[in-house]
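S.K.:
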């Protein structure tokens, strides 16, 4: 692949890294609004209609974050294919030095998606316990 492809990949990585960061930054705000700690997933204090609202917000936040995460991992894979070329390896290393290591964002996003999955599971388990119809 020509160098122009690696430049395009680098630009796209920057874009999706910013998107992932933006989505990551909204999650603590959502959790704070509902007085939820992500690690303990205690939702028992929420009224039924508040629980449903939380579920919708978490679903949307997780979907947005996962979309950016998926694109970052795809671009990372594409860039890794270029690494056999010494010049491309230098471009990669310079990019990491100049703009930061986007792979940390991939890792952070993956961890956050997993934690949101756990919270969604807790929310979904609470629906039958509250005699509420399980959302589809």
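Residue numbers (the numbering used here): 338 to 473. The C-beta atom is built at its ideal place from N, Cα and C for all residues, glycine as well. On a predicted model such as this, the values are computed, not experimentally measured, just so you know.
1. Less than 9 Å separating the beta-carbons of residue 446 and residue 412?
2. Provide the residue span of the alpha helix (DSSP H) that contains residue 376, from first to last.
3. Report the option in 400, 466, 468 and 408 whose CA atom is closest to the CA atom of residue 454.
4. If you reduce the DSSP assignment to three classes, tell me which class residue 457 lands in.
5. For the candidate residues 410, 388, 356 and 418, whose alpha-carbon lies nearest to that of residue 465?
6. Suppose you measure from the CA of residue 371 to the CA of residue 443; what does that come to, to the nearest Å?
7. What are the start and end residues of the alpha helix (DSSP H) that includes residue 397?
M.R.: Judging by the given coordinates:
1. Within the chain shown, the letter at position 109 stands for residue 446. Within the chain shown, the letter at position 75 stands for residue 412. No, the pair does not count as a contact, with Cβ atoms beyond the cut-off.
2. The count along the chain shown starts at 1 and reaches residue 376 at position 39. That residue, residue 376, is in no alpha helix (DSSP H); it is neither H nor E in DSSP.
3. Here residue 454 refers to the residue found at position 117 of the chain shown. Checking every option, the nearest Cα to that of residue 454 belongs to 400.
4. Stepping through the chain shown from its first residue, residue 457 is reached at position 120. Looking at residue 457 - three-state DSSP - the assignment turns out to be helix.
5. Residue numbering aside, residue 465 sits at position 128 when the chain shown is read from its first letter. The shortest Cα separation from residue 465 among 410, 388, 356 and 418 belongs to 388.
6. Working through the chain shown from its first residue, we reach residue 371 at position 34. Working through the chain shown from its first residue, we reach residue 443 at position 106. Approximately 26 Å between the Cα atoms of the pair.
7. In the chain shown, counting from the first residue as 1, residue 397 sits at position 60. Start and end: 385-419.
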